[in-house]
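**Student:**
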Amino acid sequence: MTFQPCPPTSLNIPRILPQTCQAVIRSDSCPVPPIFRFLQEKGNISEEEMFHVFNCGIGYVLVAKEEHSEEVAGRLTGMGYPSYATGEIVARQPGAPQIRMA
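Start counting the sequence shown at 83; every next residue gets the next number (the numbering used here).
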């Protein structure tokens with residue numbers, strides 16, 4: 083488990099991945115607090131830059147095997163923490179970034 087209110091998620095996720103892996107993050111996978119949409123609109127900031135700089139409200143990232151994801155989500159919900167499946171870990175192609183927004 084990685085806690086990352088700061089620095090941004092885009093800097094912390096590569097720290098937990100082997101160089102041969104890529105995290106594919108779905109930008110529409112969890113609700114974004116209204117303050118981030120306000121900042122994006124007023125600052126004319128791209129979706130990718132919002133994720134890179136602000137995390138868009140993501141506080142924790144848990145990486146689990148797919149077959150364990152429902153159990154992990156259920157345990158978090160049981161403790162009062164909402165959770166969202168935000169993406170997947172795939173094989174990284176040579177020269178590709180460790181994080182890709184989808």
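A virtual CB, placed ideally from N, CA and C, is assigned to each residue, including glycine.
Give a yes or no on whether the C-beta atoms belonging to Ile181 and Val145 are separated by under 8 Å.
**Tutor:** No. Outside cutoff.
**Student:** Kindly provide the ranges of any alpha helix (DSSP H) runs that are 4 or more residues long and lie completely inside the segment 98-178, ordered along the chain.
**Tutor:** Those alpha helix (DSSP H) runs which fall completely within the segment 98-178 and span 4+ residues are 116-125, 129-136 and 151-160.
**Student:** Within this structure, are the beta carbons of Arg108 and Thr159 separated by less than 8 Å?
**Tutor:** No, Cβ-Cβ distance for Arg108 and Thr159 is not below 8 Å.
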